[in-house]
Amino acid sequence: MARLKVRVAFPERCKGCGLCVHFCPKKVLSVGNQRNLQGYKVVEIVSPDKCTGCGVCYLMCPDVVLEVV
Ligand code: SF4
Ligand code: SF4
């Protein structure tokens, strides 16, 4: 069975609030230095191998930026 993984599906919606970063139990995510067209720093996947696909980040993001696929 293929493993579930997080994906930054809609970076243009990200506000860089860091909620997903804070709540990820595996510290997979980080707010990077790259900005989107709105001028917000965008979340990045820094440790993809640690992602368990639990979906907590997806549930926490108020702007539905992340997907678990
Ligand atoms: S799916 Fe779970 S482990 Fe993966 S980035 Fe989101 S919160 Fe972290
Ligand atoms: S992905 Fe969502 S929760 Fe994470 S920093 Fe961006 S807006 Fe905030």
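Its first residue numbered 853, the sequence shown is counted upward by one per residue in the working numbering.
Where is the CB? At the ideal position from N, CA and C, for every residue including glycine.
With distance defined between alpha-carbon atoms, name the residue in the options nearest to residue i.
i: K867; options: S899, K893, M912 and P900; result: K893
i: V895; options: Y910, P914, L881 and C876; result: L881
i: V873; options: C913, V920, V921 and E919; result: C913
i: K879; options: R887, G870 and G891; result: G870
i: G891; options: L856, E864, K857 and R855; result: E864
Residue i: beta carbon under 8 Å from a heavy atom of ligand 1?
i: F862; result: no
i: V858; result: yes
When every heavy atom of ligand 2 is checked, does at least one fall within less than 8 Å of the C-beta of residue i?
i: D915; result: yes
i: C903; result: no
Quick one: is residue i buried, meaning 16 or more other Cβ sit within 10 Å of its Cβ, or exposed?
i: L889; result: exposed
i: V898; result: exposed
My output table needs one value for residue i: the three-state DSSP class, helix, strand or coil.
i: R865; result: helix
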